[in-house]
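*Asks:* Got a structure for you, written out below as structure tokens; questions coming shortly.
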Amino acid sequence: MYYIGVEDGGVSGAEIGCRDSLVATYTEPVKTQDHVKASMERLLADGDRLHGSSGLYNALHESALTYQRARIDGDTVTVHLSGELKSGGSCDDPRIEWQLRQTAATAAGVGEAIILINGIRIEDYLSGRGPAVPEAPAPAAQAPITVPLTVYYIGLAGEETSGGGIGCGDSVVATLTQPVTSTDQLEASITHLLANKQEFLGESGLYNALNSSALSYQGSTQDGETVTVNLSGSVTVRGTCDGPRIEAQLEQTAATAAGVAEAVVLVNGIPIEKLVAVK
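Offset between the sequence shown (1-based) and our numbering: plus 843.
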């Protein structure tokens, strides 16, 4: 089965889409008379975002697809699926297409695979030419407000700072910006944090573990007391201590701006804690 090495640049497999790699993986031995059916069903049943401890991304994790049948004609296999396909965006489109196509082609031992979902070719689904989906009504525009933003930085171990202990004995410390006018305090706060490329915050001595990363705010959703923030780009971690610092800066800034207890931060669809873990 095939999964995705996100922004791997073709190092681990064939390069696709947004400079990702298409990477072959292997299951334990499976006894079957139909390799295509067994491989596709196994892939579609995987509801995890990441493939085990490999760090490989599964772009199909939010889809609900069922294998129906397959037909081999010469060097081409045509696979029929049914159900609902969900894509996380333009970079996920080629990831989904190639996970399905290459898994099917390899299992069938052919050079080409055609994937049909509810009778429609997958490339038509992903290009927006598939069945029409009613759009949700646009939310009412919020009036702009002007307030200081709360942004978090790191008090390094041994410094006289206040805040909750994290990582290597550090503290995560709230700071206030000058008043900022915005219609979305969460977007404004995260954007302000990501735009700061200084290693230390002025004369405060507070450390900015995000100074070498290149991240952009994409959007957010809120469910009860949890806000999920979607970022894109790359994270640079300079040692084991920087991992929890980066995670704390992002999560605490997001939670405070959204007025909730917990924040989940995703970078290119991958949880931040997975990306900053240094082994």
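Glycine residues also receive a C-beta, built at the ideal position from the N, C-alpha and C atoms. For clarity, every value in this text was computed on a predicted model and none was experimentally measured.
Does DSSP put His904 in a helix, a strand or coil?
*Replies:* As a first step, residue 904 is located in the sequence shown; it is residue number 61 there, counting from the start. Three-state DSSP puts His904 in coil, outside helix and strand.
*Asks:* Of the choices Ala1120, Asn1111, Glu1116, whose alpha-carbon is the least far from that of Asn901?
*Replies:* Start at 1 with the first residue of the sequence shown, and residue 901 comes out as number 58. Here the closest residue by C-alpha is Asn1111.
*Asks:* Please determine, among Ala907, Thr1026, Asp967, the residue with the shortest C-alpha to C-alpha distance to Ala986.
*Replies:* Taking the first residue of the sequence shown as 1, we reach residue 986 at position 143. Checking every option, the nearest Cα to that of Ala986 belongs to Thr1026.
*Asks:* Taking its Cβ as the centre, do 16 or more other Cβ atoms sit within 10 Å of Leu943, making it buried, or is it exposed?
*Replies:* Position 100 of the sequence shown, counting from 1, holds the residue named residue 943. Under this definition Leu943 is a buried residue.
*Asks:* Counting pairs of beta carbons, one from the region 1059-1069 and one from the region 1092-1108, are three or more of them closer than 8 Å?
*Replies:* These segments touch.
*Asks:* Suppose you measure from the CA of Glu1003 to the CA of Glu1046; what does that come to, to the nearest Å?
*Replies:* Here residue 1003 corresponds to residue number 160 of the sequence shown, with the count starting at 1. Here residue 1046 corresponds to residue number 203 of the sequence shown, with the count starting at 1. Residue placement at Glu1003 is flagged as unreliable, the pLDDT there being 47, under the threshold of 50; the coordinate-derived value follows with that caveat. C-alpha separation (whole angstroms): 14 Å.
*Asks:* Output the residue ranges of the alpha helix (DSSP H) runs that lie fully inside the region 1008-1058 and measure 4 residues or longer, sorted by chain position.
*Replies:* With a minimum length of 4 residues, the continuous alpha helix (DSSP H) runs that stay inside the region 1008-1058 are 1028-1038.
*Asks:* Could I get the ranges of all uninterrupted beta strand (DSSP E) runs contained in the region 1093-1120, with 3 residues as the minimum, in chain order?
*Replies:* With a minimum length of 3 residues, the continuous beta strand (DSSP E) runs that stay inside the region 1093-1120 are 1105-1110.
*Asks:* May I ask you to report which of helix, strand or coil DSSP gives Thr949?
*Replies:* Stepping through the sequence shown from its first residue, residue 949 is reached at position 106. Residue state, collapsed to three classes: helix.
*Asks:* In this structure, does DSSP put Ala881 in helix, strand or coil?
*Replies:* Against the sequence shown, residue 881 aligns to sequence position 38. Correct three-state label for Ala881: helix.
*Asks:* Does Glu955 come out as helix, strand or coil in the three-state DSSP assignment?
*Replies:* Counting from 1 along the sequence shown, the entry for residue 955 is found at position 112. Strand at Glu955.
*Asks:* Rounded to whole angstroms, what's the CA-CA distance from Glu978 to His904? Just pull it up for me.
*Replies:* Reading the sequence shown from its first residue, position 135 is the one you call residue 978. Reading the sequence shown from its first residue, position 61 is the one you call residue 904. The predicted position of Glu978 is uncertain, since its pLDDT is 45 and thus under 50; no value can be drawn from it.
*Asks:* Could you round the C-beta distance between Leu924 and Gln911 to whole angstroms and report it? I think they count as a contact, below 8 Å.
*Replies:* Here residue 924 refers to the residue found at position 81 when the sequence shown is read from its first residue. Here residue 911 refers to the residue found at position 68 when the sequence shown is read from its first residue. Confirmed, Cβ separation roughly 6 Å.
*Asks:* Counting pairs of beta carbons, one from the region 867-874 and one from the region 929-942, are three or more of them closer than 8 Å?
*Replies:* Because the criterion of three Cβ pairs below 8 Å is not met, the region 867-874 and the region 929-942 do not touch.
*Asks:* Out of curiosity, what's the CA-to-CA distance linking Ser882 and Ser896?
*Replies:* Walking along the sequence shown from the start, residue 882 turns up at place 39. Walking along the sequence shown from the start, residue 896 turns up at place 53. If I take the Cα positions, the gap works out to 20 Å.
*Asks:* What is the DSSP secondary structure of Pro991, reduced to helix, strand or coil?
*Replies:* As a working note, residue 991 is residue 148 in the sequence shown. Reduced to three states, the DSSP call for Pro991 is strand.
*Asks:* Determine the closest residue to Asp1013 out of Pro1022, Tyr968, Gly998, Gln1021, with distance taken between C-alpha atoms.
*Replies:* Here residue 1013 is taken as the residue at index 170 of the sequence shown, counted from 1. The candidate whose alpha carbon is nearest that of Asp1013 is Gly998.
*Asks:* Can you tell me whether Arg1081 is buried or exposed, with buried defined as 16 or more other CB within 10 angstroms of its CB?
*Replies:* As a working note, residue 1081 is residue 238 in the sequence shown. Counting Cβ neighbours within 10 Å, Arg1081 comes out exposed, since fewer than 16 surround it.
*Asks:* Please return the same chain residues whose Cβ sits closer than 7 Å to the Cβ of Thr921, not counting the five positions on each side in sequence.
*Replies:* The count along the sequence shown starts at 1 and reaches residue 921 at position 78. So the qualifying residues of the chain are Ala913, Arg914, Ile957, Leu959.
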